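*Asks:*
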Amino acid sequence: MKEKDHNSELDALIDACLDGQLSEEKADRLSRWIEGSSEARERYWQMAAVHGLIEQSMQSASLKAATGQEFVTPVKTDEGFRWSRINAVAAGLVIGLLSASLAWAYAVPLINPSPRESKEIVFESFEDPEMKLAGRFPIIANQWSGAVRSVPGNEDVPAVEGTCVGQFSAPTKSKFTYARYLIDLDEHPEPGEEHVRSVEVEASFFTSIPEESSVFQIRLGAFSQDPGAVRPIWNDHDLLFDTVLGHVGRNYTTELGQRTGWHKLRANIEVPPGTRSILISLGAGDDEPGSTTSDHFVDAVRVRLVDTFAPPPDD
Amino acid sequence: MSYPDDRTEGPDATEEVQLLFVRHENSIRAFVRALQPSLADADDVMQETFLTVSRKATSFEPGTNFVAWACGIARLKVLENFRLKKRANVLSEAAISALAGDAPSPQSLSEREDPLEGCLERLTPKVRDLLWRRYSRRQSSEEMAEAAGMTANAVRVALSKARVTLRDCINSQHQHAR
Numbered sequence: 041m042k043e044k045d046h047n048s049e050l051d052a053l054i055d056a057c058l059d060g061q062l063s064e065e066k067a068d069r070l071s072r073w074i075e076g077s078s079e080a081r082e083r084y085w086q087m088a089a090v091h092g093l094i095e096q097s098m099q100s101a102s103l104k105a106a107t108g109q110e111f112v113t114p115v116k117t118d119e120g121f122r123w124s125r126i127n128a129v130a131a132g133l134v135i136g137l138l139s140a141s142l143a144w145a146y147a148v149p150l151i152n153p154s155p156r157e158s159k160e161i162v163f164e165s166f167e168d169p170e171m172k173l174a175g176r177f178p179i180i181a182n183q184w185s186g187a188v189r190s191v192p193g194n195e196d197v198p199a200v201e202g203t204c205v206g207q208f209s210a211p212t213k214s215k216f217t218y219a220r221y222l223i224d225l226d227e228h229p230e231p232g233e234e235h236v237r238s239v240e241v242e243a244s245f246f247t248s249i250p251e252e253s254s255v256f257q258i259r260l261g262a263f264s265q266d267p268g269a270v271r272p273i274w275n276d277h278d279l280l281f282d283t284v285l286g287h288v289g290r291n292y293t294t295e296l297g298q299r300t301g302w303h304k305l306r307a308n309i310e311v312p313p314g315t316r317s318i319l320i321s322l323g324a325g326d327d328e329p330g331s332t333t334s335d336h337f338v339d340a341v342r343v344r345l346v347d348t349f350a351p352p353p354d355d
Numbered sequence: 012m013s014y015p016d017d018r019t020e021g022p023d024a025t026e027e028v029q030l031l032f033v034r035h036e037n038s039i040r041a042f043v044r045a046l047q048p049s050l051a052d053a054d055d056v057m058q059e060t061f062l063t064v065s066r067k068a069t070s071f072e073p074g075t076n077f078v079a080w081a082c083g084i085a086r087l088k089v090l091e092n093f094r095l096k097k098r099a100n101v102l103s104e105a106a107i108s109a110l111a112g113d114a115p116s117p118q119s120l121s122e123r124e125d126p127l128e129g130c131l132e133r134l135t136p137k138v139r140d141l142l143w144r145r146y147s148r149r150q151s152s153e154e155m156a157e158a159a160g161m162t163a164n165a166v167r168v169a170l171s172k173a174r175v176t177l178r179d180c181i182n183s184q185h186q187h188a189r
């Protein structure tokens with residue numbers, strides 16, 4: 041009985057700590073306990089694991105409930121072959137069938153979601169066959185740079201939007217080939233009300249040989265500098281990591297033998313205060329450079345500016 | 012198509028470790044969150060860890076345990092953050108060091124993922140809603156109390172009970188599976 045009380049007190053202290061609810065006195069008591077007892081440390085890690093797992097699960101549930109999609113979604117093409125786009129309802133059914141234990145996630149009510157204003161500021165489907173990308177890195181806003189050219193879609197590589205797609209050049213010195221774009225936020229005035237601004241990017245990537253493993257990537261960087269000053273910072277890794285205000289990377293490695301070649305990726309960056317320029321970098325490459333021969337394509341690149349305002353009070 | 016005006020890309024080692032970081036972000040974040048329960052501080056530590064991992068990319072030996080290497084860096088970042096934001100109501104530096112020394116392997120943490128969903132289903136919808144508000148919307152106890160028609164203290168007690176229930180359920184299923 042005494043040991044049970046002992047453990048209950050320890051559990052309560054650990055839980056309060058992990059929930060950010062410790063008083064100074066309790067923090068001292070728990071610290072001494074942890075410093076002197078391997079059992080206390082084991083119980084701490086068990087409870088910490090629970091906190092971490094709940095957090096992952098809830099955030100994943102929110103994403104699915106809000107969008108009905110995973111971050112990486114097979115894309116429907118005009119050819120109608122391969123996979124269909126999964127809509128919100130179907131996603132619930134599909135995931136429910138695959139893992140019934142996840143089905144409850146859709147029952148979580150989205151009560152009074154925060155109001156959002158979303159504006160699409162870039163859409164690129166590489167329709168212009170004369171499209172010339174200036175250099176590998178943009179030096180002005182609103183212009184694509186990189187090793188990508190417009191090519192007509194065909195039966196093997198059907199366009200996601202329009203009739204053309206962007207084809208990445210084969211990488212030479214580095215693992216990835218890139219297409220890059222700069223946004224100048226001075227061109228997009230902030231709303232007057234209190235809000236959080238973010239930039240959402242989605243793009244569809246294609247590998248010509250699904251039997252080989254490819255890597256697709258979206259990287260977003262936020263800089264206080266004007267667009268013309270970003271290139272030298274980006275190309276100097278030490279300077280970049282000392283200068284960048286925020287940085288988000290999302291990579292996706294294709295699974296060998298997947299039937300579909302198109303994969304939609306999304307990345308989102310919350311715009312830090314003082315940001316002037318946002319760099320969008322889309323990359324494609326082979327998982328094992330030099331050992332594969334896949335061609336890589338990109339299409340239907342959408343960039344949205346999203347302002348999220350404080351939620352209305354619950355009823 | 013060539014671009015003679017451009018410079019060579021950065022070293023491949025940086026790209027490799029960034030790729031590995033994104034792949035193993037959940038494991039690294041779980042480690043950081045355990046030592047640094049504050050969500051905001053954990054975000055700061057994750058960002059700092061990513062930057063340091065990128066800077067030290069060439070010192071990572073491919074083929075060795077990336078998560079262990081990254082968590083070693085994350086541990087130092089947690090301690091740096093601890094010293095920087097010295098607060099009264101957090102664990103002592105000695106306690107954080109002792110915990111980091113006894114950290115379980117990422118594999119043993121990930122083995123507990125499977126039972127979680129089944130254990131969550133056993134909770135009432137109201138408690139699951141509280142968990143969602145706390146961990147996804149990051150609401151305070153007071154905000155949750157207002158929305159759920161409870162007192163803030165009742166919310167804290169309900170969450171605490173839910174986590175203990177989940178821990179016991181996960182432990183039970185984990186041991187049963189072994």
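The listed protein sequences correspond, in order, to chains G and E. In the numbering used here, each residue carries its 1-based index in the first sequence increased by 40. In the numbering used here, each residue carries its 1-based index in the second sequence increased by 11. Glycine included, each C-beta is placed from N, C-alpha and C at the ideal position. Since this is a predicted model, take the numbers as computed values, not measurements.
Can at least three beta-carbon pairs, one atom from the segment 220–231 of chain G and one from the segment 277–285 of chain G, be found at a separation below 8 Å?
*Replies:* With a cut-off of 8 Å, the segment 277–285 of chain G and the segment 220–231 of chain G do not count as touching, because too few Cβ pairs lie within range.
*Asks:* Can you list, in chain order, the residues of the segment 104–132 of chain E whose Cβ is nearer than 8 Å to any Cβ on chain G?
*Replies:* If the cut-off is 8 Å between Cβ atoms, the segment 104–132 of chain E has ALA105, ALA106, ALA109, LEU110, ASP113, ALA114, PRO115, LEU120, ARG123, GLU124, LEU127, GLU128, GLY129, LEU131, GLU132 near chain G.
*Asks:* Starting from the beta carbon of MET171(G), find every residue of chain E whose beta carbon is closer than 7 Å, and list them in chain order.
*Replies:* Indexing the first sequence from 1 puts residue 171(G) at position 131. Per Cβ cutoff of 7 Å: no residues; MET171(G) is ~12 Å from chain E at best.
*Asks:* In terms of residues, what are the limits of the beta strand (DSSP E) holding PHE163(G)?
*Replies:* Sequence index remark: in the first sequence, residue 163(G) carries index 123 (1-based). Run containing PHE163(G): 156–164, per the beta strand (DSSP E) assignment.
*Asks:* Could you check the C-alpha separation between VAL239(G) and GLU64(G) for me, to the nearest Å?
*Replies:* Here residue 239(G) refers to the residue found at position 199 of the first sequence. Here residue 64(G) refers to the residue found at position 24 of the first sequence. Those two C-alpha atoms are separated by around 40 Å.
*Asks:* Interface residues of chain E around LYS215(G) at Cβ under 7 Å?
*Replies:* As a first step, residue 215(G) must be located in the first sequence, where it is residue number 175. ASP23, GLU26, listed in chain order.
*Asks:* Please decide whether GLY92(G) counts as near chain E, where near means a Cβ-Cβ distance under 8 Å.
*Replies:* On the first sequence, position 52 is the one that residue 92(G) refers to. Yes, GLY92(G) counts as interfacial toward chain E.
*Asks:* Roughly how many angstroms lie between the CA atoms of LEU191(G) and GLU164(G), to the nearest whole one?
*Replies:* Counted from its first residue, the first sequence places residue 191(G) at position 151. Counted from its first residue, the first sequence places residue 164(G) at position 124. The sequence shown places Val at residue 191(G), not Leu. Distance between the alpha carbons of VAL191(G) and GLU164(G): 13 Å.
*Asks:* Give me the chain G residues within the contact set of ALA81(E), using Cβ-Cβ distance strictly less than 8 Å, ordered along the chain.
*Replies:* The count along the second sequence starts at 1 and reaches residue 81(E) at position 70. Correct list: empty, because the minimum Cβ distance to chain G is about 14 Å.
*Asks:* My guess is that PHE216(G) and VAL188(G) are in contact by the Cβ rule of under 8 Å, so how many angstroms apart are they, rounded?
*Replies:* Locating residue 216(G) in the first sequence gives position 176, where the first residue counts as 1. Locating residue 188(G) in the first sequence gives position 148, where the first residue counts as 1. Not a contact, Cβ separation roughly 12 Å.
*Asks:* SER171(E) touches chain G at which residues, Cβ-Cβ below 8 Å?
*Replies:* Walking along the second sequence from the start, residue 171(E) turns up at place 160. Simply ALA52, ASP55, ALA56, ASP59.
*Asks:* Give the residues of chain G in contact with GLN29(E), contact being defined as C-beta atoms less than 7 Å apart.
*Replies:* Position 18 of the second sequence, counting from 1, holds the residue named residue 29(E). What GLN29(E) touches in chain G: GLY289.
*Asks:* For the alpha helix (DSSP H) that TRP274(G) lies in, which residues bound it at each end?
*Replies:* Stepping through the first sequence from its first residue, residue 274(G) is reached at position 234. Per DSSP, TRP274(G) belongs to the alpha helix (DSSP H) from 270–274.
*Asks:* What did DSSP end up calling PRO178(G) once you bin it into helix, strand or coil?
*Replies:* Locating residue 178(G) in the first sequence gives position 138, where the first residue counts as 1. Of the three classes helix, strand and coil, the one that applies to PRO178(G) here is coil, per DSSP.
*Asks:* Please state whether DSSP places LYS172(E) in a helix, a strand or coil.
*Replies:* The sequence position of residue 172(E) within the second sequence is 161, counting from 1. If DSSP states are grouped into helix, strand and coil, LYS172(E) belongs with the helices.
*Asks:* Once DSSP output is grouped into helix, strand and coil, what is the label at SER119(E)?
*Replies:* In the second sequence, counting from the first residue as 1, residue 119(E) sits at position 108. Here SER119(E) sits in helix by DSSP.
*Asks:* Verify whether the separation of the beta carbon atoms of VAL311(G) and SER244(G) is less than 8 Å.
*Replies:* Stepping through the first sequence from its first residue, residue 311(G) is reached at position 271. Stepping through the first sequence from its first residue, residue 244(G) is reached at position 204. Going by C-beta atoms, VAL311(G) is not nearer than 8 Å to SER244(G).
*Asks:* Using only the alpha-carbon positions, how far apart do GLU49(G) and SER171(E) sit?
*Replies:* Taking the first residue of the first sequence as 1, we reach residue 49(G) at position 9. Taking the first residue of the second sequence as 1, we reach residue 171(E) at position 160. Straight-line Cα distance between these residues: approximately 12 Å.
*Asks:* For the beta strand (DSSP E) holding LEU102(E), just list the boundary residues, first then last.
*Replies:* Translated into positions along the second sequence, residue 102(E) becomes position 91. That residue, LEU102(E), is in no beta strand (DSSP E); it is neither H nor E in DSSP.
*Asks:* Answer yes or no: does any C-beta atom of chain E fall closer than 8 Å to that of PHE349(G)?
*Replies:* Reading the first sequence from its first residue, position 309 is the one you call residue 349(G). Chain E contact via Cβ: absent.
*Asks:* Return the CA-CA distance between PRO155(G) and ASP347(G), expressed in angstroms with no decimal places.
*Replies:* Within the first sequence, the letter at position 115 stands for residue 155(G). Within the first sequence, the letter at position 307 stands for residue 347(G). For PRO155(G) and ASP347(G), the distance between alpha carbons rounds to 8 Å.
*Asks:* Would you grab the beta carbon distance between ALA262(G) and ILE318(G) for me? Rounded to a whole angstrom, and I think it's under 8 Å.
*Replies:* Translated into the one-based positions of the first sequence, residue 262(G) becomes position 222. Translated into the one-based positions of the first sequence, residue 318(G) becomes position 278. Right, their Cβ atoms sit about 6 Å apart.
*Asks:* Going by beta-carbon coordinates alone, are VAL241(G) and ARG306(G) separated by less than 8 Å?
*Replies:* On the first sequence, position 201 is the one that residue 241(G) refers to. On the first sequence, position 266 is the one that residue 306(G) refers to. For VAL241(G) and ARG306(G), yes; Cβs fall inside 8 Å.
*Asks:* Exposed or buried, ALA340(G), counting other C-beta atoms within 10 Å across all chains shown (16 or more means buried)?
*Replies:* Within the first sequence, the letter at position 300 stands for residue 340(G). With 16 or more Cβ atoms within 10 Å of its Cβ, ALA340(G) is classed as buried.
*Asks:* Between ARG86(E) and chain C, is the shortest Cβ-Cβ distance under 8 Å, so that the two count as touching?
*Replies:* Protein chains in the displayed structure are G and E, and chain C is not among them.
*Asks:* Near ARG44(E), which residues of its chain fall below 7 Å by C-beta distance, leaving aside the five closest residues on each side in sequence?
*Replies:* Along the second sequence, one-based indexing puts residue 44(E) at 33. Only ALA53 meet the Cβ criterion.
*Asks:* Give me the chain E residues within the contact set of GLN96(G), using Cβ-Cβ distance strictly less than 9 Å, ordered along the chain.
*Replies:* Taking the first residue of the first sequence as position 1, residue 96(G) is located at position 56. The contacting residues are ASN37, ARG40, ALA41, GLU124, LEU127, TYR146.
*Asks:* Check the Cβ-Cβ distances between PHE281(G) and every residue of chain E, and say whether any is below 8 Å.
*Replies:* Numbered from its first residue, the first sequence carries residue 281(G) at position 241. Yes - at least one Cβ of chain E is within 8 Å of the one on PHE281(G).
*Asks:* For the candidate residues ASP45(G), GLY301(G), ARG344(G), ILE258(G), whose alpha-carbon lies nearest to that of PHE246(G)?
*Replies:* Walking along the first sequence from the start, residue 246(G) turns up at place 206. The option with the nearest alpha carbon to PHE246(G) is GLY301(G).
*Asks:* Please determine, among MET87(G), VAL338(G), PHE337(G), ALA52(G), the residue with the shortest C-alpha to C-alpha distance to CYS197(E).
*Replies:* The structure shown does not extend to residue 197(E), since chain E spans only 12 to 189, so no value can be given for it.
*Asks:* Quick check on ARG94(E) - is its C-beta less than 8 Å from some C-beta in chain G?
*Replies:* Here residue 94(E) is taken as the residue at index 83 of the second sequence, counted from 1. For ARG94(E), the answer is no, since every Cβ of chain G falls outside 8 Å of its Cβ.
*Asks:* Just to make sure I have the definition right: I need the residues of chain E whose C-beta is within less than 8 Å of the C-beta of GLN86(G). Which are they?
*Replies:* Taking the first sequence and counting its residues from 1, one reaches residue 86(G) at position 46. Residues of chain E passing the Cβ test: ARG178, ASN182.
*Asks:* Keeping to the same chain, check which residues put their C-beta closer than 8 Å to that of ARG220(G); ignore five residues upstream and five downstream.
*Replies:* The count along the first sequence starts at 1 and reaches residue 220(G) at position 180. Once the five neighbours on either side are set aside, the close Cβ partners of ARG220(G) are ARG176, PHE177, PRO178, TRP184, SER185, GLY186, LEU319, ILE320, SER321, LEU322.
*Asks:* Spatial neighbours of ALA174(G) within its chain, please: CB distance less than 6 Å, with the 5 preceding and 5 following residues excluded, ordered by chain position.
*Replies:* Along the first sequence, one-based indexing puts residue 174(G) at 134. The answer, listed in chain order, is SER185.
*Asks:* By a C-beta neighbour count over all protein chains shown, 10 Å radius and 16 as the cutoff for buried, is ASP55(G) buried or exposed?
*Replies:* For this step, residue 55(G) is matched to residue 15 along the first sequence. By the neighbour-count rule (16 or more Cβ atoms within 10 Å), ASP55(G) is buried.
*Asks:* Of all the CB atoms in chain G, is at least one closer than 8 Å to the CB of LEU142(E)?
*Replies:* The count along the second sequence starts at 1 and reaches residue 142(E) at position 131. Judged by the 8 Å Cβ criterion, LEU142(E) is in contact with chain G.
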